[in-house]
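I have placed the structure first, in the form of structure tokens, so that the comments after it can refer back to it.
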Amino acid sequence: MILAAIVLLSVNLRPAAVSVGPVLAEVTDGLRMSHTVAGVLTSLPVIAFAGFGAVAPWLAGRLGVHRVTLAALVTVAVGLGLRAVVDSPAVFLLLSLVALAGMAAANVLLPSLVKLHFPDRVGPVTALYTTSLAVGLTCALTLTVPVADAFGGWRAGLGVWAIVAVVAALPWVRMIGHDQHLDAAPHTITLVQVARTRLGLAMALFFGLQSLQAYAVFGWFAQLWRDNGYSATHAGLLVGLLAAVSIPLSLWIPAAAARRTSQRGVLLSVMACYPIGYVGLMLAPHSLAVLWAALVGIGACTFPLILTMIGLRSRTPAGTAALSGFTQSAGYLLAAVGPFTVGAIYDGTGGWTWPLGFLLALTVPQLLIGWYAAAPRFVEDELRVVDARTAPS
């Protein structure tokens, strides 16, 4: 039951964020948004993760992790359903934030659910849910435009994902009857404690930089390819290909990372694809679009890697929840500047060379910080060292 629930939940953890990208031009035209306001829209996912993801472990410890997960899915469904029928840009942004708040809470809780139910199978179960997440991501990117074309416009293309969220909520209704709370006392680890460790800071920075890249890519690359001669459908398919690359890699990366004491080799092999893809998009965005989409998609697979590392860098479910909450909330706070900055640079320059250069430059600190976080260490161990140093003599 929990495996089925986790799979269905994972499928719903990206449509709220990325389904706007393929129809961004239609949404901005229909709601009369500027490129800068559209940049705010594409930044909302990371803002929601930063704000609402931080409180998810606290709520789960008091209300029950399964109850909070169900409430998160209901919130996603309500936000997605209502935003598809409004006409005001401000209300559309607000309801998008509602849906993304539920997505943020569930996203933070997933690693602790895996640690709680499958403590000895972190790698394989993480592979299962990251692959399901990649499937949901790919479907949202590739199916939104066809659904919109078939059923009368972008509102139908966005609204259909509310139905998917309702279906995903059904198994969680049964799960709340025997809810399990996270380890509450006396060994609870807080987000503030994690923030005092080098590992916590490194994980948050690495997560923030990879999320900045991913949401800028998924929020704007459909527009990039449309500006370079592709139709809305074909541009959406290219972004879908970019996401689809992560489906087989999401099966391999978590298992490969869990088998290794250090994840540096996996990190380097994935990260090397980002700069090649970005430079290629600067030089030949149309003729070799498929190749560059595949390479950038491989680079974006730092996401399943760091989700696996959250479980590997902690010893207990409480440690996993705290590390996940801090890593994702602080990381997404950093990532919030990405889609907005890319939109502002694009608005100011009228082209894609400078936005791509911005993303290319950020791969350097991402690799260096990820290199530190990928070494074998545990957040609980670092906390003991910090507590020992700060204890009164």
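So for the sequence shown, the numbering used here puts the first residue at 3; every next one is plus one. Glycine is no exception: its CB is placed at the ideal position from the N, C-alpha and C atoms.
Which value, in whole angstroms, describes the spacing of the CA atoms of residue i and residue j?
i, j, result
"V88", "E28", "14 Å"
"H189", "V110", "Since pLDDT at H189 reaches only 48, below the 50 mark, its modelled position is unreliable, and the value read off the structure follows with that caveat. Straight-line Cα distance between these residues: approximately 20 Å."
"L130", "A375", "23 Å"
"W156", "V166", "17 Å"
"S289", "I347", "24 Å"
"L429", "A18", "In the structure displayed, the chain extends from 3 to 395; residue 429 sits before or after that span and is not available."
"A186", "A234", "Caution applies to A186, whose pLDDT of 45 falls short of 50 and renders its modelled position unreliable; the value that the coordinates give is listed next. Using only the alpha carbons, I get a separation of about 49 Å."
"F342", "A92", "17 Å"
"S248", "L240", "13 Å"
"L285", "L203", "36 Å"
"M105", "A171", "12 Å"
"F380", "S90", "47 Å"
"L253", "V42", "33 Å"
"D31", "L243", "26 Å"
"A291", "T144", "16 Å"
"R34", "D349", "16 Å"
"T329", "R198", "12 Å"
"Q215", "M177", "35 Å"
"V175", "D383", "37 Å"
"T132", "G301", "15 Å"
"A142", "W163", "8 Å"
"L184", "A136", "Note that L184 scores a pLDDT of 48, beneath 50, so its modelled location is shaky; the value from the coordinates is reported in the next line. Looking at the two C-alpha atoms, the distance is approximately 27 Å."
"V344", "F360", "8 Å"
"I4", "V169", "15 Å"
"L75", "A6", "15 Å"
"E338", "T140", "Note that residue 338 is Ala in the sequence shown, not Glu. If I take the Cα positions, the gap works out to 22 Å."
"L97", "R85", "5 Å"
"L211", "A56", "18 Å"
"A324", "R261", "23 Å"
"P357", "V194", "34 Å"
"G313", "V196", "14 Å"
"V67", "R317", "19 Å"
Let me check understanding here. Comparing Cα to Cα, which of the options lies closest to residue i?
i, options, result
"M311", "A377, L364, L270 and V149", "A377"
"G340", "A164, L293, Q368 and A218", "A218"
"L370", "A62, V42, A101 and F209", "F209"
"P47", "V162, L99, T329 and P121", "L99"
"P319", "S114, L309 and Q195", "S114"
"L385", "T192, R85, A56 and C141", "T192"
"R123", "A257, Y276 and I178", "A257"
"G2", "Y280, I278, A197 and P287", "The structure shown does not extend to residue 2, since the chain spans only 3 to 395, so no value can be given for it."
"G327", "G179, M205 and V168", "M205"
"H236", "Q195, A295, I308 and G301", "A295"
"F305", "A245, A62, I4 and G179", "A245"
"G159", "L26, A338 and V169", "L26"
"R315", "L364, T351, G372 and V272", "G372"
Look up residue i in the DSSP assignment and say whether it is helix, strand or coil.
i, result
"Q195", "helix"
"G83", "helix"
"S252", "helix"
"V381", "helix"
"A164", "helix"
"H236", "helix"
"S389", "The sequence given here places Asp at residue 389; Ser does not occur at that position. Helix, per DSSP."
"W60", "helix"
"A338", "coil"
"S331", "helix"
"G66", "coil"
"F153", "coil"
"W227", "helix"
"N14", "coil"
"D185", "In this prediction, D185 has a pLDDT of 47, which is less than 50 and means its spatial position is unreliable; nothing more can be read from the coordinates."
"F305", "helix"
"R34", "coil"
"P287", "coil"
"S21", "coil"
"V414", "In the structure as shown, the chain begins at 3 and stops at 395. Residue 414 is therefore absent and cannot be evaluated."
"F208", "helix"
"A158", "helix"
"T144", "helix"
"T318", "coil"
"A376", "coil"
"P357", "helix"
"G282", "helix"
"V88", "coil"
"M3", "coil"
For the putative contact between residue i and residue j, defined by C-beta atoms under 8 Å, what is the C-beta separation to the nearest angstrom?
i, j, result
"L15", "P173", "At roughly 15 Å, the Cβ-Cβ gap does not stay under 8 Å, so L15 and P173 are not in contact."
"G282", "L270", "The pair is not a contact, with the Cβ atoms about 19 Å apart (cut-off 8 Å)."
"P24", "G238", "4 Å"
"S134", "S12", "4 Å"
"G154", "A259", "Not a contact, Cβ separation roughly 44 Å."
"A101", "T77", "7 Å"
"L251", "T128", "Wrong, their Cβ atoms sit about 13 Å apart, outside the cutoff."
Between the segment 220-227 and the segment 329-336, can you find at least three pairs of beta-carbon atoms closer than 8 Å?
no
Decide if the segment 264-284 is in contact with the segment 141-150; the criterion is three or more beta carbon pairs, one per stretch, under 8 Å apart.
no
Within 8 Å, do at least three Cβ pairs link the segment 48-65 to the segment 100-116?
yes
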